[in-house]
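Undergrad: A single structure is presented below for examination.
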Amino acid sequence: MFENAFESARAAGDLTSEDKPAVVIETPPNEAFGDFSCNIAMTLARAERKAPLVIAEKIVKHFEAPEGFLRDARIEKPGFINLYLDGDFLCAKLGEIFSSPDDFGKNESGAGKSVHLEFVSANPTGPLHVGHGRGAALGDVLGRVLEASDFRVHREYYINDAGNQIETLAKSACARYLQDVKGDAVPFPGDGYQGEYIREIVKSSRFREGIGALEDEQALLSQAGVIAKDLILEDIKKSLSEFRVRFDEWFSESSLFTENGNKIEEAIAALEATGKLYEKDGAKWLASSAYGDEKDRVVVRDDGRPTYLASDIAYHHLKYERGFDRYINIWGADHHGYLPRVRASMGMLGHDPDKLDVLFVQFVSLRRGGEAVQMSTRAGEFEELSAVVDEVGVDAARFFFLMRSADTALEFDLDLAKEQSSENPVYYVQYAHARACSLFRQAAEEGESFDDLDEPPPGVLVLAEERQLMKNLLEWPDVVRTAAERLEPHHITFGLIALAKQFHAYYNRNRILGQGDGLTRARLCLAKCVQIVLKNGLNLLGVSAPEKM
RNA sequence: GCGCCCGUAGCUCAGCCGGAUAGAGCAACGGACUUCUAAUCCGUAGGUCGCAGGUUCGAAUCCUGCCGGGCGUACCA
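Mapping of the first sequence onto our numbering: residues 71 to 619, in sequence order.
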């Protein structure tokens, strides 16, 4: 509409600019400034050499709005053009919610493109802790948001089941096992995993049966490592599944060495063919500094063993060869220095590094009774995800993890998350949903049949807060789109809290039932829309939307 | 030293691909339940958006430099 007005204003000689400016429509901070506003006049000011207010007038003069759409278009002081929508137009737009309730909020910004989404990928050397939980919630919800934006999402967990940490796990398990059968005199390796979970593992019947009567030290070691890893991985899968996080694929690092040839060697050979690998001090180095990394990196050690980076190069190389349109990884913030070298290696292999996005998720600290909960990974005493989930519930845990943007450190208040009161935002949103549902139940009990709710009839919903509510509802698809475009699921959480707040206020101020057929019906329609959007939003978060509380 | 993230109300945080009077929750204070769920609502109070420059008609938002906090800086993963 603005573009058309600009064109016709130019055709009429009112404007002289050649270039069509980028039209930015935004929602004003204050209701008094209308429903939408545009700054086009201000951006044109320079090129036109005229005051923004003058330009705005010329543009508004050439507006051709569809019938029944605009109530008013006003020009405000610095040069904003503010549009005031017709209330009945809003009512009619709500019809979209009813025509396909489950789909409302979806958008097509992904245009059917495929996304490879890798997240969690915690080492199978210990249980998941709250930090992993945050990554899990973020990745899972991002996946849902991307799907709602018409991306095809493949969720993958990369299992680091090769390398030193598995050897360390094997040694730790072996030592605990021997301590268990021979007494505490058996030394525990200094770099071993201290966690209590390893003692439990070696006591389990699965472990004992797997070990059997092995005496040979090497055989015992490798067998202990395999079993411990398997048991831990099962535990991880269980924790994630209970946390309502699912994966399409569990990709094993060790499979890179064994399946369909050695993918690590292939990747190294491919890099060598590009001339980007060189030898120094007996090791093979990646010339990544020429690709934005701060220094070159070792890919093959001087003893011939590949580094972790070699695995990751092979893994990402394989990802790219699988032909996705985009790749998104979610990593802990402590891995941020790792991205340049992975990007560099992909560039060297002829892949487009820009197809790879990495979300870095900052740390989680726990708070209980107003005090920080001490977490010491060195001593193996960290707060496990499953313990937190058991304590506060899946809904609260997921919601809390998504109440902050990923790049800010999260303080997780256990007391608050557990609290079933107004102070807990999860319940706040769920309660709004349950409240709406109870209205429909109540209406039915009173014998009024409102199960054919559709868009509100025109001319009835005239309150300012009703307009505001309608506008917020209609903006929901934009919230989802923004969350997908910026890879920021927390917009969903904030959008839901805002909508719930608006609905609670509206509910308290205005009676919905028993207002006469016309008004009650219209307000119920509105409440139905609220309920649908809340439900869809909670679904995106993987949080339940109870009908009763 | 270098790199990434953060610094906004007493606390926890939104807002940050430039826009109008900087928002929310908690905490504080004062109100609202014979009426649709008080797990709710209404009101009051609370701010030199870390500091200093720059770009701009306009900066919490972009750039530069400082200060403060977190994380990283391996032939570990």
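Virtual Cβ for every residue (Gly too), placed ideally from N, Cα, C. Here the structure is a predicted model, which is why all the values come from computation and not from measurement.
Can you check which of these residues, I110, D351, G157 and G149, is closest to D142 by C-alpha distance?
TA: G157
Undergrad: Measure the C-alpha to C-alpha separation of F258 and V613 and round it to an integer number of angstroms.
TA: 43 Å
Undergrad: Could you pull out every unbroken beta strand (DSSP E) segment of at least 3 residues lying fully inside the stretch 437-507, listed in chain order?
TA: 480-483
Undergrad: In terms of residue numbering, what span does the beta strand (DSSP E) encompassing V532 cover?
TA: No beta strand (DSSP E) holds V532; DSSP gives it neither H nor E.
Undergrad: Can you tell me where the beta strand (DSSP E) holding N152 begins and where it ends?
TA: F150 to L155
Undergrad: For R448, which residues of its own chain have a beta-carbon under 8 Å away from its beta-carbon, when the five flanking residues on both sides are left out?
TA: Annotation note: pLDDT 44 at R448 (below 50); position unreliable, coordinate value reported separately. Correct list, in chain order: Q264.
Undergrad: Quick one, are the C-beta atoms of G262 and A245 less than 8 Å apart?
TA: yes
Undergrad: What is the rounded straight-line gap between the Cα of T377 and the Cα of L301?
TA: CA-to-CA, the gap between T377 and L301 works out to about 25 Å.
Undergrad: For G402, report the span of its beta strand (DSSP E) as first-last.
TA: R396 to G402
Undergrad: Judging by CA-CA distance, which residue of E342, H202 and K120 is the nearest neighbour of F430?
TA: H202
Undergrad: Quick check on this structure: which residue in L533, L557, K571 and F573 has the alpha carbon closest to the alpha carbon of L589?
TA: L533
Undergrad: Give a yes or no on contact between the stretch 397-410 and the stretch 331-346, applying the rule of three or more CB pairs nearer than 8 Å.
TA: no
Undergrad: Just to confirm before moving on: does the CB-CB distance between L455 and H199 stay below 8 Å?
TA: yes
Undergrad: Please identify the residue among N399, A360 and S415 whose C-alpha is closest to the C-alpha of A384.
TA: S415
Undergrad: Which residue's Cα is closest to the Cα of E481: F470, E489 and K488?
TA: F470
Undergrad: If you draw a straight line from the C-alpha of L153 to the C-alpha of L140, how long is it?
TA: Distance between the alpha carbons of L153 and L140: 7 Å.
Undergrad: According to DSSP, which residues form a beta bridge with C108?
TA: I95 and I151
Undergrad: Return the Cβ separation of I338 and L326 in integer angstroms, given the expectation that the two are a contact with Cβ distance under 8 Å.
TA: Between L326 and I338 the Cβ distance is about 11 Å, and since that is not below 8 Å, they are no contact.
Undergrad: Does the structure place the stretch 246-255 close enough to the stretch 204-222 that three or more beta carbon pairs sit under 8 Å?
TA: Touching, no.
Undergrad: With 16 other CB atoms within 10 Å as the buried threshold, where does K618 fall?
TA: exposed
Undergrad: Put F321 into one of helix, strand or coil per three-state DSSP.
TA: Strand at F321.
Undergrad: CA-CA distance, A597 and G280?
TA: 59 Å
Undergrad: Helix, strand or coil, according to DSSP, for D372 in the structure here?
TA: Looking at D372 - three-state DSSP - the assignment turns out to be coil, as it is neither helix nor strand.
Undergrad: Less than 8 Å between the beta carbons of L604 and A207, yes or no?
TA: Taking 8 Å as the Cβ cut-off, L604 and A207 do not qualify as a contacting pair.
Undergrad: Reducing DSSP to helix, strand and coil, say where V215 ends up.
TA: helix
Undergrad: Should Q512 go down as buried or exposed, given a rule of 16 or more other Cβ atoms within 10 Å for buried?
TA: exposed
Undergrad: Run the CB neighbour count on D363, radius 10 Å, all protein chains shown included, and call it buried at 16 or more, exposed below.
TA: buried
Undergrad: Got a sec? Which residues, its chain only, sit under 6 Å from C108 by beta carbon, not counting five neighbours each side?
TA: Result list for C108: F72, I95 and I151, in chain order.
Undergrad: Could you name the residues of the same chain whose beta carbon sits closer than 6 Å to that of A81, not counting the 5 residues immediately before and after it, in chain order?
TA: none
Undergrad: Would you give the residue range spanned by the beta strand (DSSP E) that I145 belongs to?
TA: L140 to E146
Undergrad: Spatial neighbours of Q293 within its chain, please: C-beta separation below 7 Å, excluding the five flanking residues on both sides.
TA: G280, I281 and L284
Undergrad: Could you check whether A243 and V272 sit closer than 8 Å to each other, using their CB atoms as the reference points?
TA: In this structure, A243 lies closer than 8 Å to V272 by Cβ.
Undergrad: Taking the straight line between their C-alpha atoms, what separation do you get for T478 and L531?
TA: Cα to Cα, the separation comes out at about 41 Å.
Undergrad: Could you spell out where the beta strand (DSSP E) holding A353 opens and where it closes?
TA: For A353, the enclosing beta strand (DSSP E) has its first and last residue at A353 to L356.
Undergrad: Please state whether DSSP places I582 in a helix, a strand or coil.
TA: coil
Undergrad: Consult DSSP for L256 and reduce its assignment to one of helix, strand or coil.
TA: This sequence places Val at residue 256; Leu is not what is there. Coil at V256, not helix or strand.
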